[in-house]
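The sequence shown begins at 1 in the UniProt record's numbering and counts up by one.
Glycine is no exception: its CB is placed at the ideal position from the N, C-alpha and C atoms.
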Amino acid sequence: MKRWNIGLIGCGGIAEFHVRAIDELPNARLTAVASRTPDKARALAEREGCEWASSHEELLAREDLELVIVATSSGSHAELGMDVLRAGKHLLVEKPMAMRAAEAARMIEEAERRGRTLAVISQRRYEPQHQAIKRLLDEGALGRLLMAEVSVPFYRDQAYYDSAPWRGTLAEDGGALMNQGIHSIDLLLWLAGPARSVIGKTATLAHRMEAEDIGSAIVTFESGALGTILASTAMKPGFAAGLALYGERGAVKLAGPDIVHWSVPDIPEPAADSSGHYGGTADPLSISHQYHRLQLADLLTELEQGGRPAVDGHAGRASVALIEGIYESARRGAEVALE
1 MKRWNIGLIG CGGIAEFHVR AIDELPNARL TAVASRTPDK ARALAEREGC EWASSHEELL
61 AREDLELVIV ATSSGSHAEL GMDVLRAGKH LLVEKPMAMR AAEAARMIEE AERRGRTLAV
121 ISQRRYEPQH QAIKRLLDEG ALGRLLMAEV SVPFYRDQAY YDSAPWRGTL AEDGGALMNQ
181 GIHSIDLLLW LAGPARSVIG KTATLAHRME AEDIGSAIVT FESGALGTIL ASTAMKPGFA
241 AGLALYGERG AVKLAGPDIV HWSVPDIPEP AADSSGHYGG TADPLSISHQ YHRLQLADLL
301 TELEQGGRPA VDGHAGRASV ALIEGIYESA RRGAEVALE
């Protein structure tokens with residue numbers, strides 16, 4: 001069995017989920033880590049028994065690395081991702097892949113030019129209830145989709161935003177849409193298809209921060225179906241993310257991993273995630289690494305077979321573009337067409 005040599009840029013909270021995922025995969029090896037805080041990189045390397053670098057440039061100069069994971073603050077993803085691709089490595093980047101759709105497009109172009117794979121973390125696709133719903137839609141079991149809804153009524157206290165100078169900034173972190181809401185927005189586009197236009201509103205009502213803590217939108221999909229989005233970090237004490245799909249033949253509603261409504265002709269309700277690993281409603285790190293592991297395992301299989309990752313750069317860009325459209329609509333007070 002081939003064992004992939006993996007580098008990790010970023011040694012903060014989210015990096016731990018990637019480390020655990022790598023540790024549990026027999027065909028993956030954490031070879032080297034880097035951080036803008038060298039002491040963090042050294043400590044992680046000593047714990048994991050791997051090498052460490054004092055800068056990402058030093059890490060990327062290593063010839064043995066085949067895949068590099070970028071798990072840093074959101075605003076650095078595009079620049080670091082481009083550096084990874086220019087170094088000739090495959091790239092797995094945390095969400096959002098970039099803060100602007102134009103940056104995401106440049107990353108896609110660079111990956112194609114270099115013949116490298118670009119994948120974006122969106123691990124919630126791998127939850128069993130979402131996989132089951134995707135199969136329903138692909139098989140036409142719900143009939144023509146009429147309406148899709150996602151909601152992320154989370155809560156973060158002011159201390160969360162005060163914990164780092166980049167948190168809550170538009171350039172480095174994004175607001176509730178780009179940070180907390182993007183997983184559900186990716187699910188929405190994956191399940192309902194490409195978006196044609198959007199009407200959006202944003203507000204900052206409960207925190208001292210630059211970006212929004214409430215964002216909402218009405219989406220028109222290419223299919224003609226409609227959709228709604230709510231993303232917030234002001235909904236105290238924090239509630240489970242919601243997903244609802246309404247078709248001509250049936251409907252499905254979720255609250256977190258729980259299926260709260262299932263009316264699909266001739267198809268029994270599937271098992272949801274009963275592991276107790278769902279979280280993040282009030283604590284961003286109260287989630288499981290198991291879906292990071294499933295996504296990484298899937299990516300390594302695709303790399304081995306020369307296939308396309310489930311969440312590629314185009315999928316990552318689509319979520320960023322939709323959020324950009326919400327921001328633009330909120331500024332203009334008008335519906336915005338999406339490319």
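- Residue state for S184 is assigned as helix, using DSSP reduced to three classes.
- Between G140 and D173, the alpha-carbon positions lie close to 38 Å from each other.
- For a cut-off of 8 Å, the C-beta gap from A337 to S197 is around 5 Å, short enough to register as a contact.
- With a cutoff of 8 Å on beta-carbon distance, N27 and W52 are scored as not near each other.
- Non-local beta-carbon contacts of E94 in its own chain, meaning distances under 7 Å to residues more than five positions away in sequence, involve I14, V70, A71, H77, I121 in chain order.
- Beta bridge pairing from DSSP links S288 with no other residue.
- Using a C-beta cut-off of 8 Å, the region 105-117 makes contact with the region 308-317, since at least three inter-stretch Cβ pairs fall below that distance.
- Closest by C-alpha distance to L191, out of L137, T169, I229, G143, is L137.
- Nearest in C-alpha terms to L146, of all of T220, L118, V152, E328, is T220.
- In the assembly as shown, M1 is an exposed residue. Its beta-carbon has fewer than 16 other beta-carbons within 10 Å.
- Here P96 carries a coil assignment [DSSP, helix/strand/coil].
- The Cβ atoms of A34 and S55 lie closer than 8 Å to each other.
- If you draw a straight line from the Cα of H18 to the Cα of H289, it is about 7 Å long.
- Its Cα nearest to that of P309, the residue T117 stands out among P270, R36, L189, T117.
- Here the region 228-239 makes contact with the region 150-168; the two share three or more CB pairs at distances below 8 Å.
- Contact annotation, A171 with G81: C-beta distance approximately 16 Å; criterion of less than 8 Å not satisfied.
- Nearest in C-alpha terms to E335, of all of P165, A217, I185, is A217.
- In the DSSP assignment, the residues bridged to N5 are R29.
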